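Asks: First the structure, then my questions, so here it is.
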């Protein structure tokens, strides 16, 4: 009897491990977002050469988030992180209208890869606090998401303040369970 109660307790109290890949163009705010989720504070960042990986505990899920650099020269390496990915976060700078087409092209290139077939896509429309930031509906249209045949969601966010981050993780958590 003691073993059974112990097993039940362990089952309900343990965190489900989930592998998340977070990508996007350089300077979209991926690393700021990662450390806001992990530490609940803003950290000084430099352009990511390679990757950062952190575990974020949220709603009985242990998200292992792989934040991969977004510079043009690094993007071909993204595919090396696709294996066993259970959720995809694409971060876009909502205030950088001039790079929306580039972001859309990169996103669709990723979504075409067989290793990510069926993986839920969360788009953080980041930097909503910046002047000229476009709306979620404009980001959705610019990224061409209406034709995407997988679960997807666009969440307005500001990595600096944390606005929208938990709402995005709520959606992603529901998709992965």
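In the numbering used here, the protein residues as written are 167 to 343. A virtual CB, placed ideally from N, CA and C, is assigned to each residue, including glycine. From a predicted model like this one, the values you see are computed outputs, not experimental measurements.
Pull up the distance between the alpha-carbon of residue 185 and that of residue 310, whole angstroms please.
Replies: Approximately 25 Å, taken between the alpha carbons.
Asks: Checking 7 Å against the spacing of the C-beta atoms, do residue 277 and residue 338 come in under that value?
Replies: No.
Asks: Mapping the DSSP letters down to three states, classify residue 414 as helix, strand or coil.
Replies: Nothing can be reported for residue 414, as the shown portion of the chain is limited to 167 through 343.
Asks: Would you mind stating whether residue 308 and residue 266 have Cβ atoms separated by less than 7 Å?
Replies: Taking 7 Å as the Cβ cut-off, residue 308 and residue 266 qualify as a contacting pair.
Asks: With distances taken from CA atoms, which of 318, 220, 327 and 263 is nearest residue 300?
Replies: Ranking 318, 220, 327 and 263 by Cα distance to residue 300 puts 263 first.
Asks: Using the Cβ count rule (16 or more neighbours within 10 Å means buried), how would you classify residue 255?
Replies: Per the 10 Å Cβ criterion, buried.
Asks: Excluding the 5 residues preceding and the 5 following residue 333 in the sequence, name in chain order all residues of the same chain whose CB lies nearer than 7 Å to its CB.
Replies: Closer than 7 Å at Cβ, skipping near neighbours: 321.
Asks: Who are the Cβ neighbours of residue 207 in its own chain at under 8 Å, not counting the five residues just before and after it?
Replies: Same-chain partners within the cutoff: 201.
Asks: Short check: CB of residue 233 to CB of residue 196, under 7 Å?
Replies: Contact flag set, yes.
Asks: Near residue 237, what residues of its chain come up, given a Cβ to Cβ distance below 7 Å and the 5 sequence neighbours on each side ignored?
Replies: Same-chain partners within the cutoff: 192 and 213.
Asks: Does residue 268 pass the burial test, meaning 16 or more other C-beta atoms within 10 Å, or should it be called exposed?
Replies: So residue 268 ends up on the exposed side.
Asks: Since residue 290 and residue 257 are thought to touch, with beta carbons under 8 Å apart, how far apart are those beta carbons, to the nearest angstrom?
Replies: Going by Cβ atoms, the distance from residue 290 to residue 257 rounds to 5 Å, so yes, they are a contact pair.
Asks: Straight-line CA distance for residue 293 to residue 279?
Replies: Whole-angstrom Cα-Cα distance: 28 Å.
Asks: If you measure from the beta carbon of residue 241 to each beta carbon in chain C, is any gap under 7 Å?
Replies: Looking at the structure shown, chain C is missing, and only one protein chain is on hand.
Asks: In three-state DSSP terms, what is residue 209?
Replies: Three-state DSSP puts residue 209 in coil, outside helix and strand.
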